[in-house]
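Read through the structure below, which is laid out as structure tokens, and then see the notes.
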């Protein structure tokens, strides 16, 4: 499988915060979810990836070096940034005429189709839009030039569940249309990613803590619940981290089937992505 | 085709996908030569990762139920359904022999087993 994005040993230093040797890929045809706390480095990673900020290391987007072929690459990708700015005094119609000049492949018909599909008004000023409508408009702009790759920073944050689901549905359709497309989507709403991502990359304090197939996380990982005595029998190499409670210990394991074969502990729950993130960030290790 | 995915089931999701497809093949809802939905479209429909669906398809392929042709899709292979049924009956017979054995040792009557049988069937089928 080819990779739509390849990030190798990427570093960036700010006073008080640093990206430390980040490595991960977005394979063609897949949706990769980038998760982490606020301030963990998700947006910094995306900005480095888009060459909006300078960084060290190797970044390949659609098979080309982003620093050398930035303009060319950007014609082929669609981007939604957390704080991307649209003038409040434009209408969707007016935006069309502006975007035409930006993208060689701008597809007016497609754009108007999305505006209709997302039920956005044509002649109303953007400042009168709800936040859900604004996000849908940003997405319409990002995908109306047939990009091969979408890079989305927190596209669902601050939106209600109905709109969030509508937005996820847009992404599903986008990738189904052409299976060489790919999506990188960052979010701290992990439940959204649980139902859409193929891989999960967890970033914490500027470091990649986890990079796994979503299936594996949901199906093979497990949360063992046991007594303190039982916990003390578990070997250190057989678990990832634990949380000690007054009445029970919770222990994250990478392979619940293997664990079951080794230990006589029967309560093992299926984790959510949020559980796993919490265990990686807040969990302890003896 | 019905594929019912339960997040609370102990069965892995890819197993549940596999079972749904197998059932459709056994009931002739999916016929020989018919094309299966693309991995991505099924993943989107079920709101699960495409890798989960891919795993299900891969295993169905090794088990001889479907064939995947690069760039074309996955197709239902001709099934010797009679043979599969024969094999399943064999499996069931083995389990039943075990039941009979347990019943014999524990002095459980045929009638009691039949009573149990009715309850189980009502719950499962």
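Protein chains in written order, with the working numbering: chain H, 1023 to 1308; chain Z, 69 to 193. Built from N, CA and C at the ideal position, the CB exists for glycine as well.
query: Pull up the distance between the alpha-carbon of residue 1246(H) and that of residue 1183(H), whole angstroms please.; result: 30 Å
query: Could you tell me which whole beta strand (DSSP E) segments of length 3 or greater appear in the segment 1179-1267 of chain H?; result: 1204-1208, 1221-1226, 1229-1235, 1244-1248 and 1263-1266
query: Quick one: list the residues of chain H neighbouring residue 119(Z), beta-carbon separation under 9 Å, in chain order.; result: 1052, 1220, 1221, 1235, 1236, 1237 and 1238
query: So which residues on chain H does residue 74(Z) lean against when the C-beta distance must stay under 8 Å?; result: Near residue 74(Z) there are no residues of chain H at all, since even the closest Cβ is about 11 Å away, more than 8 Å.
query: Looking at chain H, which residues of the segment 143-172 of chain Z have a Cβ within less than 9 Å of any of its Cβ atoms?; result: none
query: Is there contact here, the segment 1120-1137 of chain H with the segment 1156-1167 of chain H, by at least three beta-carbon pairs under 8 Å?; result: yes
query: If you run the structure through DSSP and keep just helix, strand and coil, what is residue 1111(H)?; result: coil
query: Can you tell me whether residue 1214(H) is buried or exposed, with buried defined as 16 or more other CB within 10 angstroms of its CB?; result: buried
query: Residue 1202(H): buried (16+ other C-beta within 10 angstroms of its C-beta) or exposed?; result: exposed
query: So the beta strand (DSSP E) residue 1080(H) belongs to, where does it begin and stop?; result: 1078-1083
query: Just verifying my parser: in three-state terms, what is the DSSP assignment at residue 1008(H)?; result: The requested residue 1008(H) does not occur in the structure, where chain H is confined to residues 1023 to 1308.
query: Would the beta-carbon of residue 1029(H) fall within 8 Å of that of residue 1074(H)?; result: no
query: Just by C-beta distance, which residues in the segment 1188-1205 of chain H are closer than 7 Å to chain Z?; result: 1194, 1197, 1198 and 1201
query: If residue 1064(H) sits next to residue 1225(H), beta carbons under 8 Å apart, how far is it from one beta carbon to the other, in whole angstroms?; result: 6 Å
query: Taking the beta carbon of residue 84(Z) as the centre, do at least 16 other beta carbons fall within 10 Å, making it buried, or is it exposed?; result: buried
query: With a threshold of 7 Å on Cβ separation, who are the neighbours of residue 1046(H) within its own chain once the five nearest residues in sequence on each side are excluded?; result: 1029, 1223, 1230 and 1233
query: Given this structure, state the Cα-to-Cα distance separating residue 157(Z) from residue 120(Z), to the nearest angstrom.; result: 30 Å
query: Distance check for residue 1116(H) and residue 1168(H), CA to CA, integer angstroms please.; result: 20 Å
query: Tell me, to the nearest whole angstrom, how far the beta carbon of residue 1171(H) is from that of residue 1098(H); I am working on the premise that it is less than 8 Å.; result: 7 Å
query: Cβ of residue 1188(H) within 8 Å of Cβ of residue 1209(H)?; result: no
query: Listing by chain order, which chain Z residues have their CB less than 8 Å from the CB of residue 1251(H)?; result: Result: empty, since nearest Cβ-Cβ is about 26 Å, beyond 8 Å.
query: Please identify the residue among 140(Z), 126(Z) and 82(Z) whose C-alpha is closest to the C-alpha of residue 1237(H).; result: 82(Z)
query: Of all the CB atoms in chain Z, is at least one closer than 8 Å to the CB of residue 1217(H)?; result: yes
query: Let's see if you can read the secondary structure: which residues bound the alpha helix (DSSP H) around residue 158(Z)?; result: 149-173
query: Three Cβ pairs or more, each shorter than 8 Å: is that satisfied between the segment 1241-1258 of chain H and the segment 1276-1290 of chain H?; result: yes
query: At a CB-CB cut-off below 7 Å, which residues of chain H make contact with residue 39(Z)?; result: Lying before the first or after the last residue shown, residue 39(Z) is absent from chain Z, which here runs from 69 to 193.
query: Counting only C-beta atoms, is residue 1028(H) closer than 8 Å to chain Z at any point?; result: no
query: Decide if residue 108(Z) is buried, meaning its Cβ has at least 16 other Cβ atoms within 10 Å, or exposed.; result: buried
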